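Colleague:
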Amino acid sequence: MRVYIAIDFDNPVKDYFDKITCSIKKHFTNGSFTTRNNFHLTIRFIGEVDEVQVDKIKEVLDKVVLKITPFELLVGNLGIFTRKKTNILWIGLEENPVLSLLHKELSTLLKEEKIRFYDKVFMPHITLGRRVELTSDSIELNTLIQYERISIPVRAITLMASKEEEGKLNGVPIYESKLGVLT
Numbered sequence: 001m002r003v004y005i006a007i008d009f010d011n012p013v014k015d016y017f018d019k020i021t022c023s024i025k026k027h028f029t030n031g032s033f034t035t036r037n038n039f040h041l042t043i044r045f046i047g048e049v050d051e052v053q054v055d056k057i058k059e060v061l062d063k064v065v066l067k068i069t070p071f072e073l074l075v076g077n078l079g080i081f082t083r084k085k086t087n088i089l090w091i092g093l094e095e096n097p098v099l100s101l102l103h104k105e106l107s108t109l110l111k112e113e114k115i116r117f118y119d120k121v122f123m124p125h126i127t128l129g130r131r132v133e134l135t136s137d138s139i140e141l142n143t144l145i146q147y148e149r150i151s152i153p154v155r156a157i158t159l160m161a162s163k164e165e166e167g168k169l170n171g172v173p174i175y176e177s178k179l180g181v182l183t
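So the sequence shown is residues 1 to 183, counted in the UniProt record's numbering.
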């Protein structure tokens with residue numbers, strides 16, 4: 001099973017990102033855009049694991065949430081990453097010390113449990129599209145559309161599994177731990 005730890009958004013937040021994605025699509029000639037149900041914030045990508053490792057990851061989530069109280073994230077600017085000759089359209093988040101602490105604590109506890117994960121620089125963002133191509137290179141992304149920079153409530157962290165459904169990968173929640181709550 002291929003898994004990752006994420007903040008899974010509630011429906012109004014998913015609607016918000018879906019609205020932004022729909023508004024911005026017309027400015028791209030190509031791209032595969034994130035579907036409404038797949039909007040999330042990956043905190044730590046783990047990869048392939050077995051059932052024993054899944055149980056250890058659940059224990060890690062339950063431990064880390066005791067140290068973190070619910071908090072808010074603020075939406076930032078649009079941007080594009082170029083990875084492996086492909087463009088990824090994303091929307092960033094304002095720097096948040098609680099999110100940084102959550103990421104650090106998860107990494108520490110996963111290492112202690114000998115759970116391997118992809119250890120790259122953490123740049124919090126929500127992917128809006130992959131393999132995107134702008135209609136013009138001179139377009140400044142953040143002037144394409146007007147959008148409210150909302151505050152996103154974070155009340156839990158979720159272990160997600162990537163599952164193929166109808167030829168597409170979807171993130172499916174398999175376990176959730178509420179922040180600041182004993183389980």
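Glycine included, each C-beta is placed from N, C-alpha and C at the ideal position. In this text the structure is predicted, and so the values were computed from the model without any measurement.
Which word fits G47, buried or exposed, when buried means at least 16 other C-beta atoms lie within 10 angstroms of its C-beta?
Modeller: Mapped onto the sequence shown, residue 47 falls at position 47. Counting Cβ neighbours within 10 Å, G47 comes out exposed, since fewer than 16 surround it.
Colleague: Would you be able to state if there are at least three C-beta pairs under 8 Å between the region 15–24 and the region 35–45?
Modeller: Yes: the two stretches touch, three or more of their Cβ pairs being nearer than 8 Å.
Colleague: Name the DSSP beta bridge partners of Y16, please?
Modeller: What you label residue 16 is simply residue 16 of the sequence shown in a count that begins at 1. Partner(s): none; Y16 has no beta bridge.
Colleague: Is K178 helix, strand or coil by DSSP?
Modeller: On the sequence shown, residue 178 is found 178 positions in, with the first residue counted as 1. Three-state result, K178: strand.
Colleague: Is the region 81–100 in contact with the region 116–135, if contact means three or more CB pairs nearer than 8 Å?
Modeller: Flag = yes, the region 81–100 and the region 116–135 touch.
Colleague: Is the beta carbon of F33 sitting closer than 8 Å to the one on K25?
Modeller: Position 33 of the sequence shown holds residue 33. Position 25 of the sequence shown holds residue 25. Result yes, Cβ atoms of F33 and K25 sit closer than 8 Å.
Colleague: Shortest alpha-carbon distance to T82 belongs to which of E133, K178 and T29?
Modeller: Locating residue 82 in the sequence shown gives position 82, where the first residue counts as 1. Nearest of E133, K178 and T29 to T82, Cα basis: E133.
Colleague: How is the alpha helix (DSSP H) around L99 delimited, first residue to last?
Modeller: Residue mapping note: residue 99 aligns to position 99 of the sequence shown, counting from 1. Its alpha helix (DSSP H) spans residues P97 to E112.
Colleague: Keeping to the same chain, check which residues put their C-beta closer than 7 Å to that of K67; ignore five residues upstream and five downstream.
Modeller: Taking the first residue of the sequence shown as 1, we reach residue 67 at position 67. Closer than 7 Å at Cβ, skipping near neighbours: E105.
Colleague: Since V65 is in the beta strand (DSSP E), which residue starts that stretch and which ends it?
Modeller: Numbered from its first residue, the sequence shown carries residue 65 at position 65. Run containing V65: none; DSSP gives neither H nor E here.
Colleague: Span of the beta strand (DSSP E) holding residue 223?
Modeller: The chain is shown from 1 up to 183; residue 223 falls before or after that span and cannot be answered.
Colleague: Starting from T29, follow the beta strand (DSSP E) in both directions and report where the run begins and ends.
Modeller: If you number the sequence shown from 1, residue 29 lands on position 29. Residues F28 to F33.
Colleague: When DSSP labels each residue in this structure, what does D119 get in the three-state scheme?
Modeller: Looking up residue 119 in the sequence shown gives position 119. If DSSP states are grouped into helix, strand and coil, D119 belongs with coil.
Colleague: DSSP state of residue 257, grouped into three classes?
Modeller: A question about residue 257 goes unanswered here, because the residues of the chain that appear run from 1 up to 183.
Colleague: Closest to L102 by CA distance: which of R131, R116, T69 and K114 is it?
Modeller: As a working note, residue 102 is residue 102 in the sequence shown. Per the Cα distances, T69.
Colleague: Sort out for me which residues DSSP pairs K168 with in a bridge.
Modeller: As a position in the sequence shown, residue 168 is number 168, starting the count at 1. Answer by DSSP bridge pairing, in chain order: E165.
Colleague: Alpha carbon to alpha carbon, how far is T183 from D15?
Modeller: Working through the sequence shown from its first residue, we reach residue 183 at position 183. Working through the sequence shown from its first residue, we reach residue 15 at position 15. A caution first: T183 carries a pLDDT of 47, below 50, which makes its placement in the model too unreliable to give a value.
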